[in-house]
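Under the numbering used here, the first residue of the sequence shown is numbered 627, with each subsequent residue one higher. Cβ coordinates follow ideal geometry from the N, Cα and C atoms, glycine included. In this text the structure is predicted, and so the values were computed from the model without any measurement.
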Amino acid sequence: MKNLWNKYVNRETILYLFFGIVTTVINYVVYYLCRWIGIDYRIANLLAWVMAVAAAYLTNKLYVFESRSFAPQVLFREIAKFTASRVFSLACEMAFLILTVEVLHANDLIMKVIAAVFVVILNYVFSKLLIFKKEKSQE
């Protein structure tokens, strides 16, 4: 068990989980506030997503994956890939919410929490393997 822990749990994983929780809290608070003032859950989810993605990009770049380049070509590539992967996970989340809220008539707040778990995992895979992957010379 200790070997598995040491192999898969490291500074990067812990920081990703921490900032993933922070981002999820931002997402959920914005969503809840939007719902509280009467905004449709789909629009509320989109607004919450925009705020969370902005926070996630900054924390992932600077603290989790330590991408220190601010060269325009690097920033453009990272932001484009980051946004595209987040659009994909948003589509997955929206499909899940529509299915569970509209078809199955489940509570939207509970379904959003369940969706968040899967979204955090999916986003980590994208960030680690596609967006902020370190070049061979950096490892």
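Run of the alpha helix (DSSP H) containing residue i, from where it starts to where it stops
i    : result
L673 : Y667 to T685
V694 : One point to set straight first is that residue 694 is Arg, not Val, in the sequence displayed. Segment: none, R694 is in no alpha helix (DSSP H) and carries neither H nor E.
A741 : D734 to F752
I757 : Counting along the chain, I757 falls outside any alpha helix (DSSP H), and DSSP gives it neither H nor E.
E584 : Nothing can be reported for residue 584, as the shown portion of the chain is limited to 627 through 765.
G664 : G664 -> no alpha helix (DSSP H), and no H or E assigned at all.
Residue i vs residue j beta-carbon contact at 7 Å
i    : j    : result
N749 : S715 : yes
V727 : M720 : no
Y658 : D734 : no
Y683 : F644 : no
V690 : L641 : yes
Beta-carbon separation (whole angstroms), residue i vs residue j, contact threshold 8 Å
i    : j    : result
L723 : A697 : The pair is not a contact, with the Cβ atoms about 38 Å apart (cut-off 8 Å).
S753 : N686 : 6 Å
T639 : V746 : The pair is not a contact, with the Cβ atoms about 12 Å apart (cut-off 8 Å).
A674 : V656 : 4 Å
Candidates the options, of which the one nearest residue i by Cα
i    : options                   : result
K760 : V729, I665, I669 and E692 : E692
A706 : V635, V739, H731 and I757 : I757
R712 : A732, A680 and S695       : A680
F744 : V635, G646 and G664       : G646
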